[in-house]
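Trainee: The numbering of the sequence shown is our numbering, which starts it at 215 and goes up by one.
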Amino acid sequence: MSAPEPKQISRVAVVGGGPAGLMAAEALAAGGVQVDVYDAMPSVGRKFLMAGKGGMNLTHSEAAGPFLARYGARSEQIAPLLRRFDADALRQWVHDLGIETFVGSSGRVFPADMKAAPMLRAWLHRLRGAGVRFHMRHRWTGWASSALVFAALEGEVQVQADAVVLALGGASWPRLGSDAAWVPFLEARGARVQPFEPSNCGFDVDWSEHFSSRFAGEPLKSVAIGIERESGAVGWRAGECLITATGIEGSLVYALSAPIRELLKQNPGEGATILLDLAPGMTPARVLAEVTHPRGARSMSSHLQSRLHIAGVKAGLLRECVGKEEFADPPMLAQRIKALPLVVRRPRPIAEAISSAGGVAFESLDAQLMLAALPGVFCAGEMLDWEAPTGGYLLTACLASGLVAGEGALAYLKPLKAARA
């Protein structure tokens, strides 16, 4: 009697070694398939490590409702991903890697040592232990019939896989591998891809040379930015930002990058007007009272510094954005302090952005993130059409989508696995 033929093990190619790709690889390896991870860079997790240089923000501790709202127009599509892997699940997953976490004063969640590298090392050790194989310096260049094609050091490499998870990133930070070079390959196969735009980005303002040379690099603390809604009401958000030589950036600006971008689209070539509240802790009535308080022989600048603590870059902004007549009119000046119009001209280039909006449209995918036009091909991470502010929301959704895509690929392979049994 001849020996039975060995069972064939399904093979899945994961293209992209960022958080989404690695999470997909982990899910697939746990499902008993052979996983090969391909990445164009010399090592995996480059953007992950770069994002962790200032302190690795893993996720956020706020309640589920506000957390989901951070995904804006794509909240409905992100919701099922977070139901599978939410902020609590992420923290437990990190703890299982042997990394302790803590919640900062802002509600953000960090590793105890604030570093990304130890977490990545522990994760890669676990993946390699599960049999995941890594192929570095393999740049995906599309398909040759059903085979994936990679440009590698040894030349062209063709790979046949039973399923594929693409986690190729968006279009921000191209030097770390997220260059959107994959877009034409998917579009040629019938996938719908929304154009990429900068997200979590700064914006250009046409500063005067005097203001730019004097205040570039100055932080703008204790302010609020207001954006007029369709209803005419103004929505305000408080925080901090930074004056740059070309405009404004920083956490407060990043959080509002999507609505500012939309305002710019409504007025192409004209810029978009946002409002700055330079004294968000005071009511308009209080500001008016302080501005109109008798100042004697003091200059208005000295008066504002004494009564409202408006000095330095805030005083510079008033001089930059308020005409002489308005500055000399105390009631009008009080209004400007509470709602200073600032015209932003354009977002900074996408290569400078922390993340990107746009990508593979959810309408092109099923619930398990498989492309309708390409059965057996799944997409995850920032290459999908969604965006979120900084604060751990980006990483959480990347990991959640990677897990869902990996589990989706396992479900897709079940009939094949049963046929080979």
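Glycine is no exception: its CB is placed at the ideal position from the N, C-alpha and C atoms.
(1) Identify, in the order they occur along the chain, each residue of the same chain with its Cβ nearer than 6 angstroms to the Cβ of residue 576, setting aside the five sequence neighbours on each side.
(2) Distance check for residue 543 and residue 718, CA to CA, integer angstroms please.
(3) May I have the straight-line CA-CA distance separating residue 254 from residue 391, to the nearest angstrom?
(4) Rounded to whole angstroms, how far is the Cβ of residue 228 from the Cβ of residue 239, which I believe are closer than 8 angstroms?
(5) Measuring only the C-alpha atoms, how far is residue 407 from residue 338?
(6) Hey, how far is the Cα of residue 389 from the Cα of residue 274?
(7) Is the beta carbon of residue 419 less than 9 angstroms from the beta carbon of residue 322?
(8) Residues in its own chain within less than 6 angstroms of residue 536 by CB, not counting five upstream and five downstream?
(9) Does the pairing of the region 600-608 with the region 284-303 give three or more beta-carbon distances under 8 angstroms?
(10) Please classify residue 316 as buried or exposed, where buried requires at least 16 neighbouring CB atoms within 10 angstroms.
(11) Check this for me: beta carbons of residue 464 and residue 595, under 9 angstroms apart or not?
(12) Nearest by alpha-carbon distance to residue 345: which of 241, 621, 357, 366 is it?
(13) Taking the alpha carbon of residue 403 as the point to measure from, which residue in 611, 589, 259, 626 has its own alpha carbon closest?
(14) Quick one: which unbroken alpha helix (DSSP H) runs of 4-plus residues sit fully inside the region 483-571? Chain order, please.
(15) Can you name, in chain order, every residue of its own chain whose Cβ lies under 8 angstroms from the Cβ of residue 219, other than the five neighbours on each side?
(16) Just how far apart, CA to CA, sit residue 422 and residue 528?
(17) So what does residue 364 bridge to, in DSSP terms?
(18) Please classify residue 450 as buried or exposed, where buried requires at least 16 neighbouring CB atoms within 10 angstroms.
(19) Return the Cβ separation of residue 363 and residue 356 in integer angstroms, given the expectation that the two are a contact with Cβ distance under 8 angstroms.
(20) Compute the beta-carbon to beta-carbon distance between residue 296 and residue 282, rounded to the nearest angstrom, for a pair I have assumed lies under 8 angstroms.
(21) Apart from the five residues on each side of it in sequence, which residues of its chain come closer than 8 angstroms, Cβ to Cβ, to residue 561?
(22) Count the other CB atoms within 10 Å of the CB of residue 539; is the residue buried (16 or more) or exposed (fewer)?
(23) What did DSSP end up calling residue 458 once you bin it into helix, strand or coil?
(24) Quick one: complete alpha helix (DSSP H) runs, 4+ long, within the region 269-342?
(25) Assuming the contact rule is C-beta atoms closer than 8 angstroms, residue 361 and residue 374 should be a hit. Round their C-beta distance to whole Å, please.
(26) Of the residues 557, 440, 457, 498, which one's Cα is nearest the Cα of residue 485?
(27) Work out the CA separation of residue 333 and residue 591 for me, nearest whole Å.
(28) Does residue 570 pass the burial test, meaning 16 or more other C-beta atoms within 10 Å, or should it be called exposed?
(29) For residue 593, which beta-bridge partners are listed by DSSP?
(30) At what residues does the beta strand (DSSP E) containing residue 441 begin and finish?
(31) With a Cβ-Cβ cutoff of 9 angstroms, do residue 518 and residue 502 count as a contact?
(32) For residue 271, count neighbouring Cβ atoms within 10 angstroms of its own Cβ and tell me buried if that reaches 16, exposed if not.
(33) Could you tell me whether any Cβ in chain B is nearer than 9 angstroms to the Cβ of residue 572?
Mentor: A quick look at the data gives this:
(1) 291
(2) In this structure the chain extends from 215 to 635, so residue 718 is not present and cannot be described.
(3) 7 angstroms
(4) 5 angstroms
(5) 31 angstroms
(6) 28 angstroms
(7) No, they are not a contact pair.
(8) Hits under 6 angstroms: 550.
(9) Result yes; three or more Cβ-Cβ pairs closer than 8 angstroms.
(10) exposed
(11) Contact annotation: residue 464 and residue 595 have beta-carbon atoms that are not nearer than 9 angstroms.
(12) 241
(13) 589
(14) 498-506, 514-522, 526-535, 538-541, 544-552
(15) With a pLDDT of 42 at residue 219, under the threshold of 50, the modelled position of that residue is not reliable, and the figure given next carries that caveat. Taken in chain order, the list of residues that qualify is empty.
(16) 15 angstroms
(17) 354, 371
(18) exposed
(19) 6 angstroms
(20) 6 angstroms
(21) 411, 412, 415, 416, 417, 418, 471, 474, 475, 478, 567
(22) Counting other Cβ atoms within 10 Å of its Cβ, residue 539 stays below 16 and is therefore classed as exposed.
(23) coil
(24) 278-283, 289-298, 301-310
(25) 5 angstroms
(26) Selection 557, 440, 457, 498 evaluated against residue 485 yields 557 as nearest (Cα-Cα).
(27) Their Cα atoms are separated by approximately 28 angstroms.
(28) Answer is buried; the Cβ neighbour count reaches 16.
(29) 380
(30) 433-442
(31) In this structure, residue 502 does not lie closer than 9 angstroms to residue 518 by Cβ.
(32) buried
(33) Chain labels in this structure do not include chain B; a single protein chain is all it has.
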